[in-house]
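Worksheet: one structure, shown below.
Number of protein chains: 2
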Amino acid sequence: MLSKKTKYGLKALTYIARSEGDSPVQVGEIAKSEQIPQKFLEGILLTLRKSGILGSKKGKHGGYYLRNEPSEIKMTDVMRVLEGPIAMVPCVSLNFYEKCDDCPDEDKCSVNKLMIQVRDNTLKVFRNTTLADLSDTN
Amino acid sequence: MLSKKTKYGLKALTYIARSEGDSPVQVGEIAKSEQIPQKFLEGILLTLRKSGILGSKKGKHGGYYLRNEPSEIKMTDVMRVLEGPIAMVPCVSLNFYEKCDDCPDEDKCSVNKLMIQVRDNTLKVFRNTTLADLSDTN
DNA sequence: TGTAATCCCTATTAAATTGATAGGATTAAT
DNA sequence: ATTAATCCTATCAATTTAATAGGGATTACA
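If you want it as structure tokens, here you go:
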């Protein structure tokens, strides 16, 4: 299941992408419009900024803005920042690899093989989707 | 992340599929061979039996057996029993649908659209994979 | 220069979930 | 009867998640 953090983060990014004008978008505005607890959202946008996806401007009339064009922001990056590994088991993760405690031999593990397929298919979706796709209002 | 329950369940099913002879396979044997806490595994096999995937024989020389051929046991069914919904958000789940508390309008939700794609691709994998594929020792 | 608005940071908490354990009841083979 | 297995329920500890709280630092602007 997708965490609220990720869901809220995706909605916020979409909101920012849609409001891109000259001035940065404020947390309070996003929180209100998207029905997200403001303090919770603050933390989420902070991690998105630290990861380089968002930029921010402090002080009065401050807020958040995208560091790149929506069409340049891939879901792979966003999802990894918000949700962590895309793979369902660590032993299959490209960016967060870890050996499983059980499992003496990965090559012989039936779960491993199945999860590689799932990972590849999910990756395909995330690689082919950008924030521009999310914010297209069709 | 895949729960241990699901991982253990998949390994156990694979084990049973590979040992299919005349007599049922015992929990203790699986637990030992696959390094799974026995009592935990008991519960897992119980739910697999209640869902109709496994059958059991009680008492001495009892154990568990597959109710169908491995090639008839689809991952969609196994995953839904062990892990629950395949979709990452309830509003996109085919078998466990629920409206999201936030989200006034699903059709306009950017997360919704993305997660439908992920779901469909994951489903594709699970529908095309059976226990026979998992237990093929290549 | 002061005040309000905004992001920034850390700590805390409550609830839910997960992984595991415990103890025995029931059933069947010998 | 005895033994060996499944079956069932309850409980527990650890972790994770979602949310809240309280204030610090920075900036615009009157």
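Line by line, the protein sequences give chains A and B.
Heads up: the first sequence begins at 156 in the numbering used here, then just goes up one per residue.
Heads up: the second sequence begins at 156 in the numbering used here, then just goes up one per residue.
Positions of the beta carbon are idealized from the N, C-alpha and C atoms, including for glycine.
B:Gly-218 - containing beta strand (DSSP E), residue span: 218-221
Continuous alpha helix (DSSP H) stretch holding A:Ser-265: start and end: Residues 265-282.
Reference B:Ile-191; option with closest CA among B:Pro-245, B:Arg-235, B:Lys-159: B:Lys-159
Closest residue to A:Lys-215 among A:Val-180, A:Thr-169, A:Lys-205, A:Ile-185 (Cα-Cα distance): Distance check between A:Lys-215 and each of A:Val-180, A:Thr-169, A:Lys-205, A:Ile-185 places A:Val-180 closest, using alpha-carbon atoms only.
Any 3 or more C-beta pairs closer than 8 Å across the region 169-180 of chain B and the region 272-285 of chain A: Taking 8 Å as the limit for Cβ pairs, the verdict is that the region 272-285 of chain A does not touch the region 169-180 of chain B.
Beta-carbon proximity check, A:Lys-166 vs B:Val-266, cutoff 8 Å: yes
Cβ of B:Val-182 within 8 Å of any chain A Cβ: For B:Val-182, no Cβ of chain A is located within less than 8 Å of the residue's own Cβ.
Per-residue DSSP class, three states only, for A:Val-236: helix
C-alpha gap between B:Asp-262 and B:Lys-268, whole angstroms: Inter-residue distance for B:Asp-262 and B:Lys-268 is about 8 Å (C-alpha atoms, whole angstroms).
B:Arg-204 beta carbon less than 8 Å from that of B:Gly-210: yes
From A:Thr-284, A:Gly-239, A:Val-244, residue whose alpha carbon lies closest to that of B:Leu-157: The shortest Cα separation from B:Leu-157 among A:Thr-284, A:Gly-239, A:Val-244 belongs to A:Val-244.
Contacts around A:Ala-148, its chain only, beta-carbon distance under 6 Å, and the 5 residues preceding and following it disregarded: Only positions 156 to 293 of chain A appear in this structure, which leaves residue 148 of chain A out of reach.
Opening and closing residue of the alpha helix (DSSP H) in which B:Ser-290 lies: 286-290
Range of the contiguous beta strand (DSSP E) that encloses B:Leu-209: 209-212
Any C-beta of chain B under 8 Å from that of A:Asn-276: yes
C-beta contact flag for B:Leu-168 and B:Val-236 at 8 Å: no
Within-8 Å CB hit, B:Leu-221 to chain A: no
Residues that B:Val-180 bridges to, as DSSP identifies them: Looking at the DSSP assignment, B:Val-180 forms a beta bridge with B:Tyr-219.
6 Å CB neighbourhood of B:Phe-281 in its chain, flanking five on each side removed: These residues qualify, in order along the chain: Met-230, Thr-231, Met-234.
Distance between A:Glu-189 and A:Gly-164 (C-alpha atoms, nearest Å): Distance between the alpha carbons of A:Gly-164 and A:Glu-189: 11 Å.
Interfacial residues, the region 260-274 of chain A to chain B, with Cβ spacing under 9 Å: Under the 9 Å Cβ criterion, the region 260-274 of chain A contributes Lys-263, Cys-264, Ser-265, Val-266, Lys-268, Leu-269, Met-270, Gln-272, Val-273.
Chain B contact residues for A:Thr-169, given Cβ-Cβ distances below 7 Å: Ser-265
Contact check, A:Thr-285 vs A:Ser-206, beta carbons under 8 Å: no
For B:Met-270 and B:Ala-242, believed in contact at Cβ under 8 Å, the rounded distance: The pair is a contact, with the Cβ atoms about 6 Å apart (cut-off 8 Å).
Enclosing alpha helix (DSSP H) for A:Tyr-170 [first to last residue]: 159-173
8 Å Cβ cut-off: residues of chain A touching B:Thr-284: Chain A residues near B:Thr-284: Leu-269, Gln-272.
Residue range of the alpha helix (DSSP H) that includes A:Leu-196: Its alpha helix (DSSP H) spans residues 193-205.
Residues in the region 231-247 of chain B having any Cβ partner in chain A nearer than 7 Å: Met-243, Val-244
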